[in-house]
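Per this note's numbering, the sequence shown starts with residue 5, numbered consecutively. Glycine included, each C-beta is placed from N, C-alpha and C at the ideal position. Just so we're clear, the structure is a prediction, and the values are computed from it rather than from any experiment. Below you'll find the structure, written out as structure tokens, and then a few comments.
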Amino acid sequence: MVKTFVTQWLYTFPWDQVVSGFWQKFPNPYTGHVLSEDTYYRTLTKDQILISKRLLAKTNKLPRWGERIFSRGSASTIGFIVEESICDLKAKIFTTSTININLKSLMTVEEKCVYRPDKTDESRTICEKTVTTQGELFGFKTTLETFAIQRYKKNQELASLGLEFILHKLYLPQLPPPPITGIKSPDTRTFSRKLSDKAKDFLKTSKNDTL
5 MVKTFVTQWL YTFPWDQVVS GFWQKFPNPY TGHVLSEDTY YRTLTKDQIL ISKRLLAKTN
65 KLPRWGERIF SRGSASTIGF IVEESICDLK AKIFTTSTIN INLKSLMTVE EKCVYRPDKT
125 DESRTICEKT VTTQGELFGF KTTLETFAIQ RYKKNQELAS LGLEFILHKL YLPQLPPPPI
185 TGIKSPDTRT FSRKLSDKAK DFLKTSKNDT L
């Protein structure tokens with residue numbers, strides 16, 4: 005069984021600024037769970053389409069039943085995620101697709117985001133988000149999928165708020181930054197260098213790489 009969740013976010017910034025801000029959004033106050041980011045591929049086609057691929061390392065706190073499944077004596081685990089983005093500069097469509105490349109014996113989570121100018125006001129940008137989850141652990145499939153969707157609902161809002169924070173910082177520096185809400189954990193990016201090396205090694209050896 006596969007669960008799907010669809011939502012959207014409205015940015016009060018034009019498309020080109022949102023896309024530019026996307027590449028500068030780490031770190032921000034909302035992304036303490038993002039430990040590292042590494043761009044390992046980028047090319048610009050003759051049709052002015054920018055294609056990029058990144059490897060992200062993230063950590064998330066596990067629920068109590070998840071701690072029993074892992075049996076590692078830890079309340080959190082690290083996930084490695086491949087992000088592929090396609091930026092059509094002429095059509096003004098920016099699409100990102102992400103998928104986890106480890107922990108697939110438990111479940112697979114895929115997200116697709118499409119950024120377009122608002123048809124009614126080109127000074128704004130609409131991001132349409134779709135996430136699908138598929139549990140793989142027998143007896144826990146529905147539980148895993150439901151948990152992943154609920155966790156995504158919270159995290160996607162924080163990710164959007166994080167990008168908005170960066171956009172205000174980049175393009176409205178004369179104004180005070182928007183208030184920070186919903187943050188309980190400190191920024192953990194002090195571990196980014198070690199995690200970056202580990203992420204690169206994992207990408208090379210992963211048998212589940214779908215690229």
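For Gly36, there is no enclosing beta strand (DSSP E), since its DSSP letter is neither H nor E. It is roughly 17 Å from the alpha-carbon of Pro177 to the alpha-carbon of Phe26.
Within 10 angstroms of the beta-carbon of Ala61 lie 16 or more other beta-carbons, which makes it buried. Boundaries of the beta strand (DSSP E) harbouring Gly139: Asp125 to Gly139, taken from the DSSP string. Counting along the chain, the unbroken beta strand (DSSP E) around Gln12 starts and ends at Val6 to Tyr15.
The Cβ-Cβ distance between Lys133 and Gln160 falls below 8 Å.
For Phe30, the three-state secondary structure derived from DSSP is coil.
By alpha-carbon distance to Asn106, the top candidate from Thr99, Thr81 and Asp125 is Thr81.
Assignment of beta-bridge partners to Arg155 by DSSP yields no partner.
In this structure, Thr47 keeps its C-beta atom at 8 Å or more from the C-beta atom of Arg58. Contact between the segment 26-40 and the segment 138-150 is absent: fewer than three C-beta pairs spanning the two stretches fall below 8 Å. About 6 Å separates the CB atoms of Ile53 and Ile90; that is less than 8 Å, so the two are in contact.
Between Leu110 and Glu140, the CB-CB gap stays under 8 Å.
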